[in-house]
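Protein chains in written order, with our numbering: chain U, 937 to 1555; chain Y, 37 to 118.
The beta-carbon is built from N, C-alpha and C at its ideal position, and this holds for glycine as well.
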Amino acid sequence: MSASAIPLRLALVGNPNSGKTALFNLLTGSRQKVANYTGVTVERKEGRLLAPSGRSYALLDLPGAYSLNPASLDEAITRDLCRGFYPGEPAPDVLVCVVDATNLRLHLRFVLEVRALGRPMVVALNMADAAERRGIRIDREALQHALGVPVVETVAVRHNGAKALVQTLEAIADKPHAPEHALAADADLHEETRRLLSLTVTMPTRTARIDDVLDRWLLHPVIGLVTLSLVMFLIFQAVYAWATPMMDAIEAATAWLGAVVGNAMPAGPLRSLVVDGIIAGLGGVIVFLPQILILFAFILALEESGYLPRAAFLLDKMMAGAGLSGRSFIPLLSSFACAIPGIMATRSIQDPRDRIATIMVAPLMTCSARLPVYALLIGAFIPKQQVAGLLNLQGLVLFALYLAGIVSALLVSFVMKKWRRDKGEHPLLLELPSYRLPHPRDLAIGLWERAMIFLKRVGGIILALTILLWFLLSFPAAPADATMPLIDYSFAGRIGHAMTAIFAPIGFNWQICIALIPGMAAREVAVASLATVYALSAANDDAAAQALAPIISDGWSLATALSLLVWFIYAPQCISTWATIKRETNSWKMMAISAGYLFALAYLASLVTYQLAVAMGAG
Amino acid sequence: MRLSELPRRTSATVDSVEDRSPNDAIARRLRELGFVAGEEVQVMASGPVGAEPLLVQVGFTRFALRRSEAARIVLRTNGKAT
């Protein structure tokens, strides 16, 4: 047996929820490469299948499709690729059509569509174990005979579950031939599907009992919503709280590494670049990983188990009113911890329009990085007093800030919905698949992919921007007889002074303007930067905030403080969020629109707040 | 009767799917998903707000359909379309 020079190209096609990706993971293991199809943000997954014979195959996992008559970009890619029309992608030599053995009424029709392409193909009856458990009997040989293509059983979640498929592929690899059948081109595929089913399948019940029971509870108007709230609370808690120790450890490790390297190098611009630019920049990238991994562990498990579409079902009506979809909820919720994992999570929203709308409003959710700024300003300016005898005024202001973000997000998405030129109906048409236990291998591979996408695609941009920011903050160096804070002499300092012209109407002094620049790296840095500008030497952020509070409460007017609080509700995102939006939408334009509209909102809202406050005597 | 009017947990048979506009992509997709003449359907549940969307069982599969989508599906009663 000689291995051919060019490996045979196989492509997995099938309906969504056919277990196609699980089968892909079983066949290729960790030998996978995830990228995008040229020019679009649809994920392209390719892997290598190493057969026992020693022969290797290139395996492509095509986007799931209900039909080759496409209703979405994903389906159009699948169709074009199957036909060999997709630019830059050679036609697959053999199509492996994956079907859910428990859902043949829907999936067999798609098999007939694929067969009509006239390309060599194999049908994989996936989840054969689940079918057997439900008492569904499929006469595989009769089906193979009736279809005129090889039919094999697979169990994607079992170690040896694809053995028969690999054997069949090996057998036909040398001379793949087109299927032979006598179905007319304009035949009714539903009619043919029913004929095949009555010929080859006996099924005791149409649905699984467990699905009926679970759906009765989980989609219940009251119990379903309570369960969903609990699940959401757990996710939020995990992303917010469980990630903190890991993030603290990463920050401590970065600081330690910076100190070690700093001590080993002679003082000078090179040391500053390595320590303050590169090491701090890398730390700034890796610090997001715990939140991303925890959030995606939940999302992947919910998606695999079949619960995510149920959550979308429960929330669809509420979200649709604001121009979003039920699937927008989890990304938006995660954005309260950090917009970066939130924006990455929008990949589970299939409709491109809903996805963009969600990405656009995600930064309006108050992320955890804004809390230090809020805490500083509220502590310094809002009196500690009781409202109505039981509410704390400071807490009330914090709650109002969170609420303002949520209300603004709903308003923005509503306005976007009204302004869109596209008035077409965007259907829900969402399949609620059978409940399944997620397989650890699929979760692990999914998590690994997310981590790599973040580190490789987003990390580079964040690192580059951090180094640019370091340059602005460090050059030119202050003269030896410097009397003002060092930052004052740098490019950033000059920009900050120049910015006052724009920011004076909203009440920002030059110290605030300068602090906004490093605040772009991460919003909580704004507090430390203010301390730097006021020439305070503080050991850490907490100490900085404590030392700052009396200075700013004496130096700033209440109107300025309120204006800055309002600014941070909308403040254009940190550069890491910009980088993520650019990567996830594959568009500089989207990033610019997002940053631009948030800047405009922030400016307008602060302007109104400041001028109103001044007019009321708080200037 | 239309699927959007069907009482919960009552079986009915699909008669046809109506196009709302020429080349209605949603109607076409509904047909592809199995809403075709003679197929048995049932509304299993509905969403918590405004009884939307509907959880519809067709064939061996469950779909969430908004009311405007379900209203395209015409049902047979007593063997005749109404």
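Sequence-distant residues of its chain with Cβ nearer than 7 angstroms to residue i (five each side left out)
i               : result
G115 (chain Y)  : Here the model assigns G115 (chain Y) a pLDDT of 49, short of 50, so the residue's position is not dependable, and the following value carries that caveat. Correct list: empty, nothing qualifies.
L1125 (chain U) : R1045, L1048, E1049
E54 (chain Y)   : A63, R108, V110
G1071 (chain U) : P1140
I1186 (chain U) : G1219, I1222, V1223
W1514 (chain U) : M1527, A1531
L959 (chain U)  : L948, V1034, A1060, N1062, T1090, A1092, A1098
T1190 (chain U) : I1215, A1216, G1219
Neighbour flag for residue i against chain U, beta carbons, 7 angstroms
i              : result
E54 (chain Y)  : no
I109 (chain Y) : no
A48 (chain Y)  : no
F99 (chain Y)  : yes
V72 (chain Y)  : yes
E68 (chain Y)  : yes
L39 (chain Y)  : no
Close-in-space but distant-in-sequence residues of the same chain around residue i (CB under 8 angstroms, 5 per side omitted)
i               : result
A987 (chain U)  : Y993, V1102, L1105, E1106
V976 (chain U)  : L1009, I1013, N1522
P999 (chain U)  : V978, E979, D1010, E1011, I1013, T1014
I1285 (chain U) : S1261, R1263, S1264, P1267, R1291, T1294
A1100 (chain U) : V1088, E1089, T1090
6 angstroms CB neighbourhood of residue i in its chain, flanking five on each side removed
i               : result
L1231 (chain U) : V1175, S1270, P1277
V1348 (chain U) : V1297
D1065 (chain U) : V1091
S940 (chain U)  : Below a pLDDT of 50, predicted positions are generally treated as unreliable, and S940 (chain U), at 49, falls in that range; the measurement from the model is reported next regardless. Nothing meets the Cβ criterion.
L1401 (chain U) : I1511
M1435 (chain U) : C1449
Q78 (chain Y)   : S47, Q93
C-beta neighbour in chain Y for residue i, strict 7 angstroms
i               : result
P1288 (chain U) : no
S992 (chain U)  : no
H1126 (chain U) : yes
L1364 (chain U) : yes
A1121 (chain U) : no
F1265 (chain U) : no
R1519 (chain U) : no
R1041 (chain U) : yes
L1155 (chain U) : yes
L1452 (chain U) : no
A1368 (chain U) : Sequence inspection shows Leu at residue 1368 (chain U); the Ala mentioned does not correspond to that position. For L1368 (chain U), the answer is yes, since a Cβ of chain Y falls inside 7 angstroms of its Cβ.
Contacts that residue i makes with chain U (C-beta to C-beta distance below 7 angstroms)
i              : result
M80 (chain Y)  : D1151
R112 (chain Y) : The contacting residues do not exist; R112 (chain Y) stays about 16 angstroms from chain U at best.
Chain Y contact residues for residue i, given Cβ-Cβ distances below 7 angstroms
i               : result
M1254 (chain U) : V85
T1038 (chain U) : F96
Residues that residue i contacts on chain U, provided the C-beta gap is smaller than 8 angstroms
i              : result
S104 (chain Y) : E1361
E88 (chain Y)  : D1252, K1253
Candidates the options, of which the one nearest residue i by Cα
i               : options                            : result
G1396 (chain U) : U:A1293, U:G1219, U:L1260, U:L1238 : U:G1219
T1090 (chain U) : U:Q1447, U:T1038, U:L1484          : U:T1038
L1040 (chain U) : U:V1323, U:P1202, U:Y1022, U:M1063 : U:M1063
L1383 (chain U) : U:S1410, U:N1445, U:L1225, U:Q1447 : U:L1225
E1520 (chain U) : U:R1386, U:A1464, U:L1326          : U:R1386
T1516 (chain U) : U:F1317, U:I1279, U:F1265, U:V1197 : U:I1279
N961 (chain U)  : U:I1285, U:G983, U:R1130           : U:G983
A1311 (chain U) : U:A1536, U:L1329, U:D1287          : U:L1329
I1314 (chain U) : U:F1390, U:A1536, U:L1501          : U:L1501
T1143 (chain U) : Y:R44, Y:M80, Y:P89                : Y:M80
A1416 (chain U) : U:L1409, U:Y1425, U:P1086          : U:Y1425
V1158 (chain U) : Y:T49, Y:A61, Y:D51, Y:S82         : Y:S82
R1377 (chain U) : U:N972, U:A1233, U:Y1546           : U:A1233
L1404 (chain U) : U:I1450, U:G1213, U:L1326          : U:G1213
P1508 (chain U) : U:P1454, U:V1544, U:G1555, U:A1485 : U:P1454
S1344 (chain U) : U:F1335, U:L1300, U:N951, U:A1305  : U:L1300
I1108 (chain U) : U:L1337, U:S1134, U:I1171, U:V1030 : U:V1030
Amino acids of chain Y, ordered along the chain, whose beta-carbon sits closer than 8 angstroms to that of residue i
i               : result
R1142 (chain U) : Q93, G95, F96
G1160 (chain U) : P84
9 angstroms Cβ cut-off: residues of chain U touching residue i
i             : result
R65 (chain Y) : Y1002, S1003, N1005, A1007, P1363, L1365
Amino acids of chain Y, ordered along the chain, whose beta-carbon sits closer than 9 angstroms to that of residue i
i               : result
F1249 (chain U) : A81, G83, P89, L91, A100
Please give me, in chain order, every unbroken run of the alpha helix (DSSP H) with length at least 4 that falls completely inside the stretch 1154-1211 of chain U.
1159-1173, 1179-1200, 1205-1208
Can you list, in chain order, the stretches of the beta strand (DSSP E) that have 3 or more residues and sit fully within the stretch 1007-1039 of chain U?
1030-1036
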